[in-house]
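Shown next, in structure tokens, is the structure this report addresses.
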Amino acid sequence: MKSTLAQTTTNRVAQECSIPREFQGARLVRDYPSTVKFNSGDRVYYGCRDAWKGDCEAPPPVIGSNAYLVDKYAMMTSFSSGDKVYYSCNVGYTARAGSRSRRCKNGKWTQLKLKCEQFTCPPPNVPHAYWMGAHREKFNAMDVISIDCDRGYSIQGPTSITCSRDGRWIPSLPSCQPGKLLLFIYFCKIETSYSLGPVLIYSQWCCEGFLDVPGEDMP
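Written as structure tokens, this is what we have:
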């Protein structure tokens, strides 16, 4: 009998709770001056303190996130507790991980976990071609370059391409095909006919023409 009573008492003590703590901006709606401990199942009630509702001001910029607050929320100045706002990645960046949202919680904004990474494009690989400007190891999204072909080749396709936000060149890369050059041929032939005393009689003629040479462009 003593063992059973001791076990029951131990269980009752383990199930009791101490006085609940107060939270930021909240207070117990009732006073419990005479209550030191609460039994399992007892409830206590909270309410907001005077002039405090848990609202949030406009969320501050997240430095280094490469993200911005979408237009729908950018002009708002006050948010209720529980409200969410959403972010998008800056131009040239794309979402790789994390949530796009933050939540107003008890007057503070939760941390933005969105990870925006910059997309880049490798140098365009077009045989017998070159692009205007300095050589670069990579190009950022939305960079635009102009392409032309080496001498002796003609470009087939776009002469201007853009690095897209998903790391591709758009439109598709051009190609450089062998061109044709019309070589201007000029030559003269002089033939001496005969001499008459001190006078030299001769005749001459010249020929002009063009020759198609594959794989060359006009200079």
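Position 6 of the sequence shown, counted from 1, bears residue number 6 in UniProt numbering, the numbering being contiguous throughout. Glycine is no exception: its CB is placed at the ideal position from the N, C-alpha and C atoms.
**Request:** Can you grab the Cα-Cα spacing for the pair residue 119 / residue 94, in whole Å?
**Result:** 7 Å
**Asked** Buried or exposed: where does residue 45 fall if 16 or more other Cβ atoms within 10 Å of its Cβ makes it buried?
**Response** Its Cβ having fewer than 16 others within 10 Å, residue 45 is exposed.
**Message:** If you measure between the beta carbons of residue 143 and residue 162, is that distance less than 9 Å?
**Reply:** yes
**Asked** For residue 113, which residues of its own chain have a beta-carbon under 6 Å away from its beta-carbon, when the five flanking residues on both sides are left out?
**Response** 98 and 99.
**Prompt:** Just the Cα atoms here: how many angstroms apart are residue 80 and residue 169?
**Reply:** Here the C-alpha atom of residue 80 lies approximately 44 Å from the C-alpha atom of residue 169.
**Prompt:** Does the distance from the C-beta atom of residue 116 to that of residue 83 stay below 9 Å?
**Reply:** no
**Prompt:** Which class does residue 113 belong to by DSSP, given the choice of helix, strand or coil?
**Reply:** coil
**Item:** N-terminal and C-terminal residue of the alpha helix (DSSP H) that residue 73 is part of
**Value:** For residue 73, the enclosing alpha helix (DSSP H) stretches over residues 71-74.
**Prompt:** So, are the CB atoms of residue 73 and residue 85 less than 9 Å apart?
**Reply:** yes
**Prompt:** Taking the alpha-carbon positions, what's the residue 124 to residue 175 distance?
**Reply:** 11 Å
**Item:** Residue range of the unbroken beta strand (DSSP E) whose run includes residue 60
**Value:** From DSSP, residue 60 is part of no beta strand (DSSP E); its letter is neither H nor E.
**Prompt:** In its own chain, which residues sit with a C-beta less than 6 Å from the C-beta of residue 129, not counting the 5 before and 5 after it?
**Reply:** Taking residue 129 as the centre and dropping the five residues before and after it, the same chain places the C-beta of 147, 149 and 176 closer than 6 Å to its C-beta, in chain order.
**Item:** Closest residue to residue 158 among 16, 57 and 126 (Cα-Cα distance)
**Value:** 126
**Request:** Please state whether DSSP places residue 19 in a helix, a strand or coil.
**Result:** Of the three classes helix, strand and coil, the one that applies to residue 19 here is coil, per DSSP.
**Coarse secondary structure for residue 96, derived from DSSP in three states** = strand
**Prompt:** Would you call residue 59 buried or exposed, if buried means 16 or more other Cβ atoms sit within 10 Å of its Cβ?
**Reply:** With 16 or more other Cβ atoms within 10 Å, it is buried.
**Item:** Buried versus exposed call for residue 17 [16 or more other C-beta atoms within 10 Å across all chains shown]
**Value:** Its Cβ having fewer than 16 others within 10 Å, residue 17 is exposed.
**Asked** Hey, how far is the Cα of residue 61 from the Cα of residue 43?
**Response** 40 Å
**Prompt:** Whose C-beta lies closer than 8 Å to the C-beta of residue 87 among residues of the same chain, with five residues either side of it excluded?
**Reply:** 62, 65, 67, 68, 69, 70, 100, 101, 102, 112 and 114
**Asked** Expressed to the nearest angstrom, what Euclidean distance is found between the alpha-carbon atoms of residue 172 and residue 135?
**Response** 20 Å
**Asked** Taking C-alpha atoms, which residue in 107, 140 and 106 lies nearest to residue 121?
**Response** Per the Cα distances, 140.
**Message:** Comparing C-alpha positions only, which one of 75, 178 and 138 sits nearest to residue 152?
**Reply:** 178
**Item:** Given residue 108 as reference, the closest of 54, 155 and 41 once Cα atoms are compared
**Value:** Taking only the C-alpha atoms, the option nearest residue 108 is 54.
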